[in-house]
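Colleague:
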Amino acid sequence: WLYGTFKDFDGTFTFDEKNPAADKVNVTINTTSVDTNHAERDKHLRSADFLNTAKYPQATFTSTSVKKDGDELDITGDLTLNGVTKPVTLEAK
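Heads up, the sequence shown is in UniProt numbering, so the first residue is 1 and it goes up one at a time.
1) For P57 versus T31, is the C-beta distance shorter than 8 Å?
2) Would you list, in sequence order, the uninterrupted alpha helix (DSSP H) runs of no fewer than 4 residues that lie entirely inside the UniProt domain "Lipid/polyisoprenoid-binding YceI-like" (1–93)?
3) Going along the chain, which residues of its own chain have a beta-carbon closer than 7 Å to the beta-carbon of residue 113, five neighbours each way excluded?
4) Pairing CB atoms from the stretch 59–66 with CB atoms from the stretch 16–30, are three or more of them under 8 Å?
5) With a threshold of 8 Å on Cβ separation, who are the neighbours of H44 within its own chain once the five nearest residues in sequence on each side are excluded?
Structure, rendered in C-alpha cells:
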C-alpha cells in the first residue's frame with residue numbers, strides 16, 4: 001500500500017450531538033500539497049496522469065447528509081476531484 005497525506009487543506013464542521021442530520025462538513029484540499037515522502041512519486045501524482053494539479057489545484061468535499069450509526073457517523077457527500085463530482089460515504093468515529 002501507498003500512504004500519503006495532503007499537507008494543505010481547510011474546512012468547516014458543524015456538529016449537533018442531538019441532531020446529527022443537521023451536521024455539515026465542507027473541506028477544500030490543495031492538491032499540490034500531496035506528500036508521500038517520495039519526491040519523484042509526488043511529482044508524478046501532481047502531473048496530468050493523476051491529480052492534474054495545474055488544471056485542478058483543489059479537491060472539495062461537501063456533505064449532503066450525516067447519519068448516526070451507533071458510535072459512528074456515516075457522512076455522505078459530493079467529492080470533486082479533477083473536475084469530476086461523485087457521491088461518496090465516509091465513516092467517522
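Backbone N, C-alpha and C fix where the C-beta goes; we use that ideal spot for every residue, glycine too.
Modeller: Result, derived from the coordinates:
1) Here the question's residue 57 lines up with position 57 in the sequence shown. Here the question's residue 31 lines up with position 31 in the sequence shown. Taking 8 Å as the Cβ cut-off, P57 and T31 qualify as a contacting pair.
2) 39–46
3) What is shown of the chain runs 1 to 93, which leaves residue 113 out entirely.
4) yes
5) The residue given as residue 44 occupies position 44 in the sequence shown. Answer for H44: F50, listed in chain order.
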